[in-house]
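Comments concern the structure below.
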Amino acid sequence: MQLTRIVVAGMAVALALSACGGGGGENGTTGTTSAGGLEKTQLLVGVVPVPSSASLFIAEKRGFFKEEGLTVKTEIIQAPTAVMPKIVNGSMDAFMTSYVVLMTINDSGAAKLKLFQHTMGGAPNVSAVVVAKGSPIKSVADLKGKTVAVNVLKALGQTVTNAHLQDAGVRPEDVKFVPVSFADQLGALSTGKVDAAWLVEPFLSAAKKSGATQIVDTTSGVTEGVPIDGWGVTEQWVSKYPKTAAAFHRALAKAQQIAGADRKAIDEVVPTYTQIPADTAAAMTLGTFTMEADKASVQKLADLMHGYGYLKAKVDVAQLFASVGG
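See below:
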């Protein structure tokens with residue numbers, strides 16, 4: 403079965419995805435102070451075209467931004483790293499980011515970022531390592547000495563797979579990870595270019611339908627509840643626009659609450675800003691939409707990344723989250 407280049411759910415927010423157009427509009431970040439005291443009323447938000455971004459579109463659809471006196475315009479991005487200059491200079495106000503990318507950027511010193519509002523955490527069958535039909539590899543322990551495809555090196559896929567390798571008694575350095583885009587991983591498996599592949603929804607479901615076999619669920623067991631992504635801002639932005647930040651947060655939080663309680667609300671908006679068809683959106687497995695991330699799980703992810711050498715410094719996750727009044 404040929405994998406369609408539709409935009410991926412959940413985990414793909416971390417890094418490079420299949421090319422996707424659309425979204426956007428004017429910059430819209432020069433809003434003046436409103437009668438209600440907001441420091442600015444027009445915001446530009448970077449949106450990764452994945453289901454995790456649904457809360458913003460739910461807020462827009464239901465008029466939550468308008469109620470707060472805000473006009474929110476969006477720009478489709480593939481990862482915050484690509485638009486870091488806009489984020490740092492303030493021409494982009496907020497952005498969708500994975501916890502992995504946010505911590506990596508902070509560790510590099512490129513910016514001081516904060517998690518503004520959590521969106522999605524891991525859930526069973528959102529991501530997994532698969533092998534080709536008929537492969538002699540039957541378990542994660544069998545990956546020793548093998549080649550595993552991940553969408554980007556030293557990111558979420560490699561981190562969670564390493565955790566399961568260690569749990570099975572395999573050293574991460576005994577497995578070779580290679581970067582292969584999600585859309586190309588099934589082809590790499592079928593031709594033998596790689597022995598296994600880390601996939602996320604909806605590519606995971608498509609691979610299984612084509613005959614691929616799942617050998618480990620990487621959002622369960624030792625990585626159960628791993629935090630995926632959320633809305634990010636810079637420390638400077640929150641300090642400069644505290645009333646605007648509070649208003650924006652209220653609207654996002656209200657939409658996040660709806661996303662966590664009503665799957666149909668997510669399914670309604672996902673096709674409007676991604677290339678995921680409505681029937682696929684309704685059928686795919688999603689992570690958990692909660693108001694806050696479990697801090698212990700965030701710390702575990704940070705410690706794993708540091709332990710594998712992906713972060714130079716240890717992370718105090720209490721410092722990752724923005725403090726927003728109002």
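Residues 403 to 728 (the numbering used here) make up the sequence shown, in order. Ideal Cβ positions, reconstructed from N, Cα and C, are used throughout, including at glycine.
From the DSSP output, which residues share a beta bridge with residue i?
i: Leu530; result: The displayed chain sequence assigns Ala, not Leu, to residue 530. According to DSSP, which records beta bridges pairwise, Ala530 is partnered with Leu601 and Asp619.
i: Phe579; result: Val550
i: Lys697; result: DSSP, once it has assigned bridges, lists no residue as partnering Lys697.
i: Thr473; result: Gln444
i: Pro629; result: Gly523
i: Phe723; result: Leu517
i: Ser500; result: Asp631
i: Gln690; result: Correcting the residue type first, residue 690 is Thr in the shown sequence and not Gln. Beta-bridge pairing links Thr690 to Gly523.
i: Ile478; result: Val449
i: Met636; result: Here residue 636 is Thr; the residue named in the question, Met, does not match the sequence. DSSP output for Thr636 lists Leu515 as bridge partner(s).
Could you tell me the distance, in whole angstroms, from the CA atom of residue i to the CA atom of residue j?
i: Thr674; j: Ser583; result: 23 Å
i: Ile660; j: His651; result: 14 Å
i: Met403; j: Gly589; result: Confidence is the limiting factor: at Met403 the pLDDT is only 35, short of 50, which leaves the residue's position unreliable, though a coordinate-based value still follows. Near 10 Å, if we compare the C-alpha coordinates of Gly589 and Met403.
i: Lys475; j: Met498; result: 14 Å
i: Lys610; j: Ile478; result: 29 Å
i: Lys595; j: Gly536; result: 15 Å
i: Ala565; j: Leu472; result: 42 Å
i: Thr549; j: Thr563; result: 12 Å
i: Pro482; j: Asp509; result: 14 Å
i: Gln638; j: Gly511; result: 14 Å
i: Ala684; j: Ile678; result: 10 Å
i: Ala608; j: Glu470; result: 41 Å
i: Met522; j: Gly689; result: 6 Å
i: Lys656; j: Phe466; result: 8 Å
i: Glu670; j: Ser622; result: 28 Å
i: Ser725; j: Ala585; result: 38 Å
i: Gly423; j: Val640; result: Residue placement at Gly423 cannot be trusted, given a pLDDT of 30 that sits under 50; what the coordinates show is reported in the next sentence. Those two C-alpha atoms are separated by around 29 Å.
i: Glu462; j: Ala695; result: 23 Å
i: Lys540; j: Ile489; result: 44 Å
i: Ala525; j: Pro644; result: 33 Å
i: Gly547; j: Lys642; result: 51 Å
i: Ala599; j: Gln568; result: 17 Å
i: Val450; j: Phe691; result: 16 Å
i: Ala570; j: Arg464; result: 47 Å
i: Gly662; j: Val672; result: 14 Å
i: Gly634; j: Val572; result: 35 Å
i: Ala704; j: Thr593; result: 35 Å
i: Pro538; j: Lys714; result: 37 Å
Can the beta-carbon of residue i be found less than 8 Å from the beta-carbon of residue j?
i: Leu458; j: Leu654; result: yes
i: Ala456; j: Thr636; result: no
i: Val577; j: Leu555; result: no
i: Ile460; j: Ala649; result: no
i: Gln658; j: Val532; result: no
i: Gly534; j: Phe518; result: Looking at the sequence itself, residue 534 is Ala, so the reference to Gly does not match. No, these two residues do not count as a Cβ contact at 8 Å.
i: Tyr712; j: Ile630; result: no
i: Asn491; j: Thr687; result: no
i: Ser699; j: Gly632; result: no
i: Ala557; j: Gln587; result: no
Within 10 angstroms of its Cβ, does residue i collect 16 or more other Cβ (buried), or is it exposed?
i: Asp597; result: buried
i: Val580; result: exposed
i: Asn553; result: buried
i: Lys516; result: buried
i: Asp718; result: exposed
i: Ala720; result: exposed
i: Pro487; result: exposed
i: Met693; result: exposed
i: Gly727; result: exposed
i: Asp664; result: exposed
i: Thr620; result: buried
i: Ala614; result: buried
i: Ala680; result: exposed
i: Lys702; result: buried
Assuming the contact rule is C-beta atoms closer than 8 Å, residue i and residue j should be a hit. Round their C-beta distance to whole Å, please.
i: Ser529; j: Leu601; result: 7 Å
i: Leu722; j: Thr561; result: Actually they are not in contact, since the Cβ atoms of Leu722 and Thr561 sit about 16 Å apart, beyond 8 Å.
i: Thr646; j: Lys468; result: Their Cβ separation, rounded to whole angstroms, is 14 Å, which puts Thr646 and Lys468 out of contact at 8 Å.
i: Thr625; j: Val452; result: Contact flag wrong, Cβ pair sits at about 19 Å.
i: Pro574; j: Thr682; result: Not a contact, Cβ separation roughly 33 Å.
i: Gly448; j: Val485; result: 5 Å
i: Val542; j: Val618; result: 4 Å
i: Met505; j: Leu446; result: Actually they do not touch by this definition, with Cβ atoms about 24 Å apart.
i: His708; j: Lys697; result: Their Cβ separation, rounded to whole angstroms, is 16 Å, which puts His708 and Lys697 out of contact at 8 Å.
Does chain B have any CB closer than 8 Å to the CB of residue i?
i: Leu458; result: Checking the listed chains, one finds no chain B in this structure; it contains a single protein chain.
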